[in-house]
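Notes for the one structure printed next.
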Amino acid sequence: MQQSDKVTMLKDSFLAELEGTFAVSLADATDLQRYQSLATVAKKLIASKWRLTKENYRDTGAKQVYYFSIEFLPGRYLRANLLNLGLLTEAEEVMQDLGVDFNALLEAEVDQGLGNGGLGRLASDFMDAMPSIELAGNGNGIRYRYGLFRQAFVNGYQVEYPDDWLKNDNIWEVRQDSEAQVVHYGGSVYMAETPDGLRPVYQGGVDVLAVPYDTGMSGANNDVVNTLRLWSAEVPEGVQVSVSERSVLESISGELYPDDSNEEGRRLRLRQEYFFSSAGVQNIIKHHLADGYSLHSLPFQVAIHINDTHPTVVIPEMMRILLDEHGLSWEEAWGITTRTVSYTNHTLLAEALERWSQGLFQAELPRLFQLIQEIDRRHRLAVASEHGEDFAWRTSPLQDGQVHMARLAAIGSHAINGVAPLHSELLKDKVLHDFYTLWPEKFSNKTNGITHRRYMHAANESLSALIDTKIGESWRSLPKDITKLNKFAKDEEFLSALQDVKHENKVRLAEWVKRNMGLELNTDAIFDVQIKRLHAYKRQLLHLLGILTDYLALKHDKNAYVAPRVHIFAAKAAPSYYYAKQIIKVINEVANMVNNDAAVNQKMQVVFIPNYGVSLAELIIPAADVSEQISTAGKEASGTSNMKLMANGALQLATMDGANIEIIRAAGEENAYAFGMDTDTVYSHYEKHDYSAQGIYDNNPVLHRVLDALIDGTIPNIEEEGRAVFDSLIRDNDEYFVLGDYASYVATQTRLGQDYQNKTAWTRKALANIAASGEFSADYTVAEYADEIWNIPHKALAQQE
Ligand code: 26Y
1 MQQSDKVTML KDSFLAELEG TFAVSLADAT DLQRYQSLAT VAKKLIASKW
51 RLTKENYRDT GAKQVYYFSI EFLPGRYLRA NLLNLGLLTE AEEVMQDLGV
101 DFNALLEAEV DQGLGNGGLG RLASDFMDAM PSIELAGNGN GIRYRYGLFR
151 QAFVNGYQVE YPDDWLKNDN IWEVRQDSEA QVVHYGGSVY MAETPDGLRP
201 VYQGGVDVLA VPYDTGMSGA NNDVVNTLRL WSAEVPEGVQ VSVSERSVLE
251 SISGELYPDD SNEEGRRLRL RQEYFFSSAG VQNIIKHHLA DGYSLHSLPF
301 QVAIHINDTH PTVVIPEMMR ILLDEHGLSW EEAWGITTRT VSYTNHTLLA
351 EALERWSQGL FQAELPRLFQ LIQEIDRRHR LAVASEHGED FAWRTSPLQD
401 GQVHMARLAA IGSHAINGVA PLHSELLKDK VLHDFYTLWP EKFSNKTNGI
451 THRRYMHAAN ESLSALIDTK IGESWRSLPK DITKLNKFAK DEEFLSALQD
501 VKHENKVRLA EWVKRNMGLE LNTDAIFDVQ IKRLHAYKRQ LLHLLGILTD
551 YLALKHDKNA YVAPRVHIFA AKAAPSYYYA KQIIKVINEV ANMVNNDAAV
601 NQKMQVVFIP NYGVSLAELI IPAADVSEQI STAGKEASGT SNMKLMANGA
651 LQLATMDGAN IEIIRAAGEE NAYAFGMDTD TVYSHYEKHD YSAQGIYDNN
701 PVLHRVLDAL IDGTIPNIEE EGRAVFDSLI RDNDEYFVLG DYASYVATQT
751 RLGQDYQNKT AWTRKALANI AASGEFSADY TVAEYADEIW NIPHKALAQQ
801 E
């Protein structure tokens, strides 16, 4: 279709939808009605491709992957869908013609926040990448009634409000009653002789109905639309339950757990894990058989990928179905299961490794527990003779009254991967070392990736358009083609155009901050950004100590050298993570102090933007000059905001951790600011117990003064929180080596600030980052999964010369 035809088509269908659905004229329509009408037009365009894709997969018997994830974090869909349909600029034109505020229309869409952070957003980036590279891949998860809490600050403290994201219609989803599955919990189970042989007999327990809601995942500029299937818990028809029993059952999909660091081992969470795992596996096997295939061919038609250990119960659940419902032998069932399932690990933090009490597990999932006992027994038997009792014990799924999910996942899958090279090495050397000695061939690395379409093409249209003028558009579908930009590193005119785009984006963010927070930002200053969940190991605190260092320097001497900076934080803390919430309070109070002090606020400002999520990321990232990726080395599995920020021309201020290392290598060391201890040093301190925070405090007078500011009244209103932070650093010896990296961080910030003064040289570094970002496209990441783990074909992604 011609551009002009597309515009006409879009305009006509939009206006027809508005009148047909809401019986209003354009002039009288609300932003929400305008959004819903345009979204409906997009949905209909997607729907026809979706039907054809589903029929095509069924008719050709194409192998499909099902990405099981307890979190998906889609954000808003409309802009991304218009982009993928090749209609984004056309929609802008239509709205301009009609005098409609397109941004207001887009912002009327709710931001779907069914995830906590990196892991959930990665799953959604994969949902965008898979159809875009013509890969048959679907998502399987939970349709939480309430997503991640909405964050607000009251007196600088985080308060949490429920995220009632379904209060307006969700245009994108389709309820599929005919696909519902029953999921069984509790009761007891014993084995009895039946005409089919020895089979389990269930007594008592409850049934929950899992009802799927499907959303079409559109590919970029093609006809592929895959399925994201999210399950909702209901009471099965005909079952009589009291009102309170009903709410207990429905609570299984009631809300997302807002903790991504501390495994709490809560009963409801285990129910959630089983809920979408069981419903998903049952549904997959049902269709496999209905399509006329044998169970033995399952690994040839289906790959099931588990996103961290949360869906590990897929493994015993599949065994249950194959053994109990279809009478396969253990060996047959185990072969099918392990050849179907693969597993990604996302964390090195011991406290985030899932373990369940055996008592709780057995009470909730008695049959699965029996099967895990048998997996455990066979595992011990298989490894004990060669590797010894101690090894068998260390690697067993059942140990010390707990079910160890990472062990079960490692044993029951054919592939295990980490999410950045360093992380994958640490898995092999430490966290999963025993399993690596057993099965080295199972292990690999799959470095995370991001979708440039959302974070660049859609969120930073001016940058993308500018790039098009220089290297054409091939990079939009072949992201590594963006390296062609390197040719323009000396093109001053281009560099200055890049600077203009960055400035525009800073102004756009500043307008938002002014409107929503009443603060006027200096858009000529360095926008120094740290956006991610709040965690001690991510070290927002180190950034804060740097801010206090500048503040005290300026208070002491208003002419002290400090390059003007706007420090931008955005982060949610898990509601039960008390220390993280104390850090939020301290940052907010420092922000208050700094922003209201005329002696310093020409040179520094601090803004903590509340309620971080996908949509705010899309606003903040294009405006960033500096990307703070400052976790303790060896703690951040990969990171993904680091990739989004580099793609938008932010320079990394980073420790040698996770994918930071790859980003620095790709962009060139001279185009990033690396600092701090490396992983070996960190591990060595942990092993030798030779780290002394007190010693560092005593020997660095500047740092001494900064830390004292936390407890001596310099910063108003943080008596308790300042003391808590101080104590964690000094009394508790600073678990994450904030003080150990302080001097190096401050020196690097100073150098960075000096470098920023040469705008051309700085922008050349930004350009190097943008040009190196292609390899971090999720398109390549999922292609690697498809080639090396799932064994599923996809479109070639060869670079053009
Ligand atoms: C079990 C429960 C407490 C739990 C819930 C959520 C544990 C972990 C999580 C989520 C973890 C997560 O988001 N991990 C991040 O995954 C990203 C994608 O791979 C990585 O880039 C990032 O380094 C890692 O922290």
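Mapping to full-length UniProt numbering: the sequence shown position 69 is 69, numbers consecutive. Glycine residues also receive a C-beta, built at the ideal position from the N, C-alpha and C atoms.
According to DSSP, residues forming a beta bridge with residue i
i, result
"Pro200", "Met191"
"Pro212", "Trp231"
"Ala674", "Ala654"
"Met604", "Arg565"
"Glu173", "Thr215"
"Phe68", "Asn140 and Ile306"
"Val614", "Paired residues: none, contrary to the question."
"His184", "Asp207"
"Phe153", "Gln158"
"residue 813", "The chain is shown from 1 up to 801; residue 813 falls before or after that span and cannot be answered."
"Gln33", "Looking at the DSSP assignment, Gln33 forms no beta bridge with any residue, so it has no partner."
CB-CB length for residue i against residue j, believed under 8 Å
i, j, result
"Thr395", "Phe435", "7 Å"
"Ala659", "Asn445", "Actually they do not touch by this definition, with Cβ atoms about 11 Å apart."
"Ala574", "Pro131", "No, Ala574 and Pro131 are not in contact; Cβ-Cβ is about 33 Å, not under 8 Å."
"Met646", "Ala667", "6 Å"
"Pro622", "Asn648", "5 Å"
"Lys581", "Gln158", "5 Å"
"Asp376", "Leu398", "4 Å"
"Gly412", "Gln358", "Not a contact, Cβ separation roughly 17 Å."
"Arg533", "Ala571", "6 Å"
"Leu198", "Asp214", "No, Leu198 and Asp214 are not in contact; Cβ-Cβ is about 38 Å, not under 8 Å."
Contact test: residue i Cβ vs the ligand 26Y heavy atom, cutoff 6 Å
i, result
"Ala637", "yes"
"Ala352", "yes"
"Arg119", "In the sequence on display, residue 119 carries Leu and not Arg. Correct: Leu119 has its Cβ closer than 6 Å to the ligand 26Y."
"Leu122", "yes"
"Asp657", "no"
"His535", "no"
"Glu263", "yes"
"Asp260", "yes"
"His346", "yes"
"Thr679", "no"
"Val419", "yes"
"Asn448", "yes"
"Thr640", "yes"
Three-way DSSP call (helix, strand, coil) for residue i in this model
i, result
"His305", "strand"
"Gln96", "helix"
"Glu801", "Low local confidence applies: a pLDDT of 48 at Glu801 is under 50, so the model's placement there is unreliable, and no value is given."
"Ala536", "coil"
"Val383", "helix"
"Ile133", "coil"
"Trp356", "strand"
"Arg705", "helix"
"Ile621", "helix"
"Ser627", "strand"
"His162", "In the sequence on display, residue 162 carries Pro and not His. Correct three-state label for Pro162: strand."
"Phe737", "coil"
"Arg731", "coil"
"Ile416", "strand"
"Thr344", "strand"
"Leu645", "helix"
"Ile711", "coil"
"Asn116", "coil"
"Ser25", "coil"
"Leu148", "strand"
"Ile792", "coil"
Beta carbon proximity, residue i to chain D, threshold 7 Å
i, result
"Asp779", "Considering every chain present, this structure includes no chain D. It has just one protein chain."
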